[in-house]
Every structure is written in structure tokens, then in C-alpha cells.
Amino acid sequence: MQTRTISLTVSRLEFKTLCNYFTNLEATTKRNEMISTLAELFQNSDEEEIDSISYFLVGDITADYKEVKLGMGEEMTKSSISLALELGEDDVDEKFQELGDLGDLAAEVEHGPEKKFAEFFEIDALTVEKVHEGLLKIANTSGENSQEIMKKTLAALLSAADSCSRRYIIRLVLGQMRLGVGDMTVLDGLAAAFLGSKDDRPPLEHAYNVSSDIGYVAQILAKSGLEGVKRIRVAINRPLRPQLAQRVDKITEVREKIDSDTISVEEKYDGERIQAHKDGGKVRLFSRRLNEITHQFPEIVESVSNHVEADSAILDGEAVAYDFSEKEYFPFQKIMNRRRKYDIEEYAEKIPVKYMVFDLVYKNGSSYLRKNYIERTEEMHEILGEHDYIAPTGRILTDNLDEIDEYFQDCISRGLEGVICKSTSSNSYYRAGAREWSWIKWKSSYASELSDTLDLVIVGSYAGKGKRAGTYGSLLCASYNHEEDIYETVCKLGTGFTDELLAELPEKLSDAQSDKKPARLKTTENVEPDTWFTPKHVIEVKGSELTESPVHTCNWDPEKERGLGLRFPRFIRWRPDKSPEQATTTSEIVQMREG
DNA sequence: CCTGATGCGTC
DNA sequence: GTCGGAC
DNA sequence: GTCCGACGACGCATCAGG
Numbered sequence: 009m010q011t012r013t014i015s016l017t018v019s020r021l022e023f024k025t026l027c028n029y030f031t032n033l034e035a036t037t038k039r040n041e042m043i044s045t046l047a048e049l050f051q052n053s054d055e056e057e058i059d060s061i062s063y064f065l066v067g068d069i070t071a072d073y074k075e076v077k078l079g080m081g082e083e084m085t086k087s088s089i090s091l092a093l094e095l096g097e098d099d100v101d102e103k104f105q106e107l108g109d110l111g112d113l114a115a116e117v118e119h120g121p122e123k124k125f126a127e128f129f130e131i132d133a134l135t136v137e138k139v140h141e142g143l144l145k146i147a148n149t150s151g152e153n154s155q156e157i158m159k160k161t162l163a164a165l166l167s168a169a170d171s172c173s174r175r176y177i178i179r180l181v182l183g184q185m186r187l188g189v190g191d192m193t194v195l196d197g198l199a200a201a202f203l204g205s206k207d208d209r210p211p212l213e214h215a216y217n218v219s220s221d222i223g224y225v226a227q228i229l230a231k232s233g234l235e236g237v238k239r240i241r242v243a244i245n246r247p248l249r250p251q252l253a254q255r256v257d258k259i260t261e262v263r264e265k266i267d268s269d270t271i272s273v274e275e276k277y278d279g280e281r282i283q284a285h286k287d288g289g290k291v292r293l294f295s296r297r298l299n300e301i302t303h304q305f306p307e308i309v310e311s312v313s314n315h316v317e318a319d320s321a322i323l324d325g326e327a328v329a330y331d332f333s334e335k336e337y338f339p340f341q342k343i344m345n346r347r348r349k350y351d352i353e354e355y356a357e358k359i360p361v362k363y364m365v366f367d368l369v370y371k372n373g374s375s376y377l378r379k380n381y382i383e384r385t386e387e388m389h390e391i392l393g394e395h396d397y398i399a400p401t402g403r404i405l406t407d408n409l410d411e412i413d414e415y416f417q418d419c420i421s422r423g424l425e426g427v428i429c430k431s432t433s434s435n436s437y438y439r440a441g442a443r444e445w446s447w448i449k450w451k452s453s454y455a456s457e458l459s460d461t462l463d464l465v466i467v468g469s470y471a472g473k474g475k476r477a478g479t480y481g482s483l484l485c486a487s488y489n490h491e492e493d494i495y496e497t498v499c500k501l502g503t504g505f506t507d508e509l510l511a512e513l514p515e516k517l518s519d520a521q522s523d524k525k526p527a528r529l530k531t532t533e534n535v536e537p538d539t540w541f542t543p544k545h546v547i548e549v550k551g552s553e554l555t556e557s558p559v560h561t562c563n564w565d566p567e568k569e570r571g572l573g574l575r576f577p578r579f580i581r582w583r584p585d586k587s588p589e590q591a592t593t594t595s596e597i598v599q600m601r602e603g
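Structural data, given as C-alpha cells:
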């Protein structure tokens, strides 16, 4: 065994000091103000802890793609707070409903800690690094008794913290800082701190998009300056942030938004985004959020390995569950069965997957990011033929809007989700991490005539969190089963409301509020809103699709223990003209689903 | 050994 | 994933 | 137009506790 003296970098920024910056950031909605606060923070940060600080700002403790999971959510956190601050579980629940933020709750409680929980995590001074270490310890705890150890480790951190620090420790555990600061704002702040102005963000953004690690970019910038950052390049086995698509509500907008005459119209599959890295004979797969999912799709690994004619390559595409005997796509829920750790081979046979490739980002040592769409996809077609489990994404190239629509209709009739329209202009580069108008999605569910619009009865509500504190976060919605004269849940609904509507909701619904669950409402055990409402108020709700549900009771099948649920529900408008019996009926919903 | 609660990640 | 608000 | 943070359904893994 080798011992060596490590020169300990004494970077001992008090966590409390960092929390002052958090507080200032949270106090404003002006991005420019945030950026100057961030710039000041970064200028005062030691280069050894600027990475942790960057992660903290966006509510993480490491890069997204590193397999570090806290394993503590709301429930465990509540329990830890209760333990550390000696507050009854019921008090915590009640306060949480009121405040909508467990961090605020932990900050509010007055408590001089009796217990220190030092046997779980010893703290002499609560520095930034100490908090980081504690959070990593929680993430690394597993196995028997792990929940107790995690709770007590967090309790140790809380016991060593002042009120304000408790707020942000809790928010870090939950991964929600609610500062109004996201990754792009952090990059602006870094640019302002080290390069003079937020306008100098582009090279940082590029490094981030290619490395997917904001802490790394921050640290390289602090240590080696812009030169160091510019050396960060696309690399095999390091996932890059996938390019995303904008959406459009009318197909005619595609023509206005896309900057090239010729538009590539690609099939859009309802599957899972996968970035494949081929490194000689080795293949690794990464998900949309850059988690490694290589082991989940052996057939894709094999296909990329055998049918991609390149020594090294990075491909972008969508894995879609495919029924080879019927020659049709399986619904999205099927591919979710493939997100597993066990019985992989069995499920690979039951639910095979086709990897539909639409882009080539890297080949044989060269980045293709700065090649245009046509160049990239031509090469992609050259190295990739059509095989069982891998194929290039179907597409047409056209400058004609009618042809786009025709192709879209054709895709819908073949069971696809819609199309993605892409620019073919000379600067149609692969813009890692960007959601821009060079890629536009047009889904069937955006077209009103193809989407499911339901009039549903409000039967419950859930307390809002964060900026929804004090009002409702979501509403429990039900259909009317006219045969049995009962109401059956279809979805919770938490988006589509304006702030104004949201603010007046409690008042508007107060006349229907009830202490008990309505007698004629059927629910499963998993559905337990904070407030019940007697069926009275009707609202129009739009969704993209009706799916089989284990939690919603609409058209409940006792044998399968499944009902119907609405995917992507959003509020459209109030329907004061409708009585609850005039709401969409369960049988109408069944008909919608059948087609 | 099984089940429900909880967390996490896909869309 | 969808959506609305702030800039 | 961009960025951020509210919120949705659903499936698998893990752990606690019977």
C-alpha cells in the first residue's frame, strides 16, 4: 500500500455564504441581475469547488449522465426533516401543503438541534464540500437499512445547518433549487465572470453541449481559461446533449419557420431517443438524458456493431417497439417494458425494437457537428443499410407544403406519431442541446381534428408546490359512466391554466368542496387527492391519446385491473354550460379509443 | 417470500 | 411530454 | 425566441415490513 501526502486544497467556502447567493438569485426574475450575481459568485469561487457550485445551482450534484442518484424523494425527505427538527409527521404534511416547499419548511422551523447524528455523518464545519460529500454519501447508500441511513445522514446535515442552509440542503436533495437559474443562465454567469460578458457564452455553451457536464466546463474555464474550454470536443463514449425540435400548431408555420427551400420531412416514431456510440467493436447506448442504457437493447448493440460501416461513429435515432409478424409499430407503453435490468433477453424477443437512425454526428475520428444536414445524412445512408433491427429513418425531401401534409397523413395512417421537418440549408448543423427552428415537430395530436378533447368533471385537487404554493397544483378529473351513474377518473390535470385562472380556482371550486370522497366516484387506492369535490364543475381537457391505466378507473376492467388514462392532459377551458351528467361519458371515451 | 410505498426516468 | 410567464 | 419551472401518465427497481 502506498501512502502519499496530498496537498489538501483548503477551499473552505462556507455553505452558508453560498446560500446568500442563492437567496439573492431567488429574489429576482431578471436574468441580467442573476447573471451579475452569478459572475460575482464565480469570481469568488475556488477552482476546486466551482464544479460543485455549478451543479448545485442547477439542482444537481454531478453531471446528469453520471449514475449518481440520491434515492431520496419527497417522502423520505419529509421523514428526515421530522427526525432532525423534531416535528411530527402530520405537522410536516400540513405545513408542506401550506408552503409548497420542503426547503422553506425546514428553514421555518425553529430548532436548536439536540442530536447531531454524528455517527452517520460527522461535520465540523458546514462547507460547500462538506454538503457535497454528504449528498454523495446519501447517493452511495444502498441495501438493507439504507433508508434509515440516508434519512439520518440528511438529518446530520440539517442539524449542522442554519435556517437558510437547511432550505437549500433540502432543495438539493430534491433536485429542485427553484432559483430561476438553469444551465443556460449558469453559462451566462460563467461567461460574465471569466470572459467579460454574457455575450461570450457561445464557446462555453458548445463545450457544455458536447461534454454534457456543466461542472466540468466551469472548472476547465476556471483553471485553463477559454483555451482549455476550446479543447473540449465531441468524443466517443461521452454522450452529447441531443438536439431537440420546436413544435408548431399549424402545418403552414413550417414553411415560415424553416430557412431552406427544401425541407426534409422525417417519420416521427413514438419510442425512445437513443444515441449510439460505436468504438471499434464496442457499442454503448445513451438515453435522451444521457443515461447509459446499453444493456437494455442487445439487438441494437448488435446491429450497430455489425451493420454500421465505420470504425467509430456516433448515431442519433429513435428506438421503437416493432411487431415483426404484423409489420406494425407497438404503442409507446410497450417499449417501456424494455426499460429493465432483468429478463432482458426474454423481453427482447417478446418486444423487439427497431433503431431508426436519423443522424450521424461523428465518424472515424471526425466531428460532423459542423456538416450540414444533407452531408451528414448522406454519409449516414452510406454507412447504414436496412436490416432487421436498424434502419435509416424514412423521409422525403420536398419544397411543397401539400406534399408535407400528404406525407404526414401517410405517416399517421401507418401508426406513426407524426413528422419532424428539418432544414436542409447550408448551415443546418447538428446543434447539440438546442431546441431550435431547424427541427420542427408536427404531431397528429396537435391537429384538433385528430386529438381527443374531453369534458371532464372535477372531483379532487392536489396542493400546489413552488410557484403554485397556496393554490392547486392539479385537479383530479373524471368521466361520467351513465350506465352505472358513477364518475370514473381519467387523469390529473396540472397544465394549461393561466396564473389568473389558477389563483381563482380555490374560490371557484369552493362550493363543491367536500370532506369525504364523493359517494358516486370510483377510484383506485393510489389516487388520494388533498381535497375532494362533489361532481359539479366541468372543464374541457385535451390529450394526445388514451392509454391503458393501472390507476385510473375509467372503463375499469377488474380482471386486467386496468382502466383508461389520458396521456399529456392539458386544460383548455371552463365549461359552465355543462352539468356533470353532460360530461364526456365513459362509453364515449371507449369509442374514441377504438377509433 | 411477497407486496406496497417510494423514487426515477421515459415520453 | 405540455404549458404559461418573464425577459 | 429563449429560458425556466409548474405540472401529466406510466413502467421498472429498490427497500421496508409483514
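Under the numbering used here, the first residue of the first sequence carries the number 9, and numbering increases by one thereafter.
Virtual Cβ for every residue (Gly too), placed ideally from N, Cα, C.
Which of helix, strand or coil DSSP assigns to residue i
| i | result |
| --- | --- |
| S60 | helix |
| Q10 | With a pLDDT of 44 at Q10, under the threshold of 50, the predicted position of this residue should be treated as unreliable, though the coordinate-derived value follows. Three-state result, Q10: coil. |
| G197 | helix |
| F541 | strand |
| G468 | strand |
| S15 | Because S15 carries a pLDDT of 46, less than 50, the predicted location of this residue cannot be relied on, and no value is offered for it. |
| R583 | coil |
| I89 | helix |
| T385 | helix |
| L187 | coil |
| A253 | strand |
| A243 | strand |
| R238 | Strictly speaking, residue 238 in this sequence is Lys, with Arg absent from that position. Helix. |
| E83 | helix |
| V549 | strand |
| Y632 | Outside the displayed span of the chain (9 to 603) sits residue 632, for which this structure offers no information. |
| T497 | strand |
| K206 | helix |
| T503 | coil |
| L134 | coil |
Range covered by the alpha helix (DSSP H) that runs through residue i
| i | result |
| --- | --- |
| T555 | T555 -> not in any alpha helix (DSSP H); beta strand (DSSP E) instead, spanning 553-557. |
| E34 | 23-34 |
| I266 | Premise fails: I266 is in no alpha helix (DSSP H) and is neither H nor E. |
| S487 | Unbroken run through S487 is the beta strand (DSSP E), 480-489; no alpha helix (DSSP H). |
| A511 | 507-517 |
| Y355 | 352-358 |
| T45 | 39-51 |
Rounded separation between residue i and residue j - CA only
| i | j | result |
| --- | --- | --- |
| E56 | G223 | 10 Å |
| R175 | R241 | 37 Å |
| N32 | T532 | 44 Å |
| I177 | S87 | 15 Å |
| R583 | L26 | 48 Å |
| A477 | P400 | 47 Å |
| D585 | I494 | 20 Å |
| S62 | M42 | 14 Å |
| D604 | T161 | The question about residue 604 has no answer, for the chain in this structure spans 9 to 603. |
| K362 | D324 | 13 Å |
| S227 | I58 | It is Gln, not Ser, that sits at residue 227 in the sequence shown. Going by the C-alpha atoms only, they are around 6 Å apart. |
| A440 | E387 | 19 Å |
| D109 | E97 | 15 Å |
| D287 | K371 | 10 Å |
| F579 | L517 | 15 Å |
| T183 | D68 | The question names Thr, but residue 183 in the sequence shown is Gly. Distance between the alpha carbons of G183 and D68: 6 Å. |
Residue i, enclosing beta strand (DSSP E) - first and last residue
| i | result |
| --- | --- |
| H285 | 280-287 |
| I259 | Here I259 belongs to no beta strand (DSSP E), and DSSP marks it neither H nor E. |
| T594 | Per DSSP, T594 belongs to no beta strand (DSSP E); it is in the alpha helix (DSSP H), 594-602. |
| M364 | 361-371 |
| E569 | Element bounds for E569: n/a, residue is neither H nor E. |
| F576 | Taken as a continuous stretch (DSSP letters only), F576 belongs to no beta strand (DSSP E), as it is neither H nor E. |
| S320 | 320-331 |
Burial state of residue i (16 or more Cβ within 10 Å)
| i | result |
| --- | --- |
| F125 | buried |
| N217 | buried |
| H389 | exposed |
| D191 | buried |
| P558 | exposed |
| E102 | exposed |
Residue i: CB within 7 Å of a non-hydrogen atom of the ligand ATP
| i | result |
| --- | --- |
| N380 | In the structure shown, the ligand ATP is absent, as is every other ligand, since no ligand is present at all. |
Minimum length 4: unbroken alpha helix (DSSP H) runs contained in the stretch 400-435: Entirely contained in the stretch 400-435, the alpha helix (DSSP H) runs reaching 4 residues are, in chain order, 409-421.
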